[in-house]
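Asks: In UniProt numbering, the protein residues as written are 515 to 682.
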Ligand code: ADP
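#1: Give me, in chain order, the residues of the same chain whose beta-carbon lies closer than 8 Å to that of residue 560; leave out the 5 immediate sequence neighbours on both sides.
#2: For residue 672, which three-state DSSP category applies?
#3: Look at the alpha carbon of residue 690 and the alpha carbon of residue 663, and state the distance between them as a whole number of angstroms.
#4: Look up residue 602 in the DSSP assignment and say whether it is helix, strand or coil.
#5: Tell me which residue opens and which closes the beta strand (DSSP E) that residue 570 is part of.
#6: Hey, residue 615 and residue 554: beta-carbon distance below 8 Å or not?
#7: To which residues of the same chain is residue 652 closer than 8 Å at the C-beta, ignoring the five residues directly before and after it?
#8: For residue 558, which residues of its own chain have a beta-carbon under 8 Å away from its beta-carbon, when the five flanking residues on both sides are left out?
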C-alpha cells in the first residue's frame with residue numbers, strides 16, 4: 515500500500531511539474547547582436563536549464579515590428595522603438611521550461627537598465643531604456659501570440675536528455 519501511495523504521490527508531483535511547463539519568446543534586439551552578446555545571452559538561458567525550441571537570425575520590417583509591439587502603439591516612444599527593432603538582425607528564440615515566462619523576465623531584468631539588478635542581462639549589459647538588448651514575453655498568453663507571429667513555420671519537437679537532471 516505504501517508503494518502505491520508513493521507512486522501516486524510521484525505521479526501527481528510529475529503531473530504538477532508538467533502543468534507548469536511553459537514556452538516564452540525571447541528576442542536579442544539589434545544592439546545585442548551588434549555588441550556580440552548573442553553567445554552570452556543564449557548561454558544564460560541554456561545554463562539555467564531551459565530548453566531551446568526555436569532559433570533564427572532575422573531582420574524584420576516596420577510592419578512586422580509594429581505588429582510585435584502593437585500594444586505599445588499609443589506610446590510616445592513607439593516610432594523610435596520600431597526604428598530600433600528594424601535597424602539590424604535580431605535573434606528570435608523560443609525557450610521552454612517550468613515557469614520560463616516569469617523566470618525569463620527575471621533573467622532579463624527590469625525594462626529600464628538603470629533599475630535592472632546587476633546579474634540580470636539588462637543590469638549587466640545595458641544603460642539606456644531604448645537600447646536594452648533583449649525582449650522577453652511578459653505573460654503566457656503574450657508568449658503564445660509572439661511565438662505564433664515569429665515562428666509561423668513552427669518550432670522544434672525535441673526533449674532534452676538532461677530533463678531528469680533538471681526536474682525532480
Ligand atoms: P519590456 O520590454 O520590459 O516588456 P515594455 O513592454 O514596457 O517593456 O516596452 C517594450 C520596449 O520598449 C522596452 O523593452 C524598451 O526597448 C522600449 N521602451 C519602453 N519604455 C521606453 C521609454 N520610456 N523610452 C524608450 N523606449 C522605451
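Ideal Cβ positions, reconstructed from N, Cα and C, are used throughout, including at glycine.
Replies: Inspection of the coordinates gives the following:
#1: For this step, residue 560 is matched to residue 46 along the chain shown. Around residue 560: 566.
#2: For the purposes of this step, residue 672 is taken as residue 158 along the chain shown, with counting starting at 1. Three-state DSSP puts residue 672 in coil, outside helix and strand.
#3: Nothing in the structure corresponds to residue 690, since the chain is present only between 515 and 682.
#4: As a first step, residue 602 is located in the chain shown; it is residue number 88 there, counting from the start. Coil at residue 602, not helix or strand.
#5: Along the chain shown, one-based indexing puts residue 570 at 56. Boundaries of the beta strand (DSSP E) harbouring residue 570: 565-572, taken from the DSSP string.
#6: The residue you call residue 615 lines up with position 101 of the chain shown. The residue you call residue 554 lines up with position 40 of the chain shown. No, the pair does not count as a contact, with Cβ atoms beyond the cut-off.
#7: Counted from its first residue, the chain shown places residue 652 at position 138. If we look at residue 652 and ignore the five residues flanking it on each side, its Cβ neighbours are 615, 619.
#8: For this step, residue 558 is matched to residue 44 along the chain shown. Excluding residues within five positions, the ones whose Cβ falls inside 8 Å are 621, 635.
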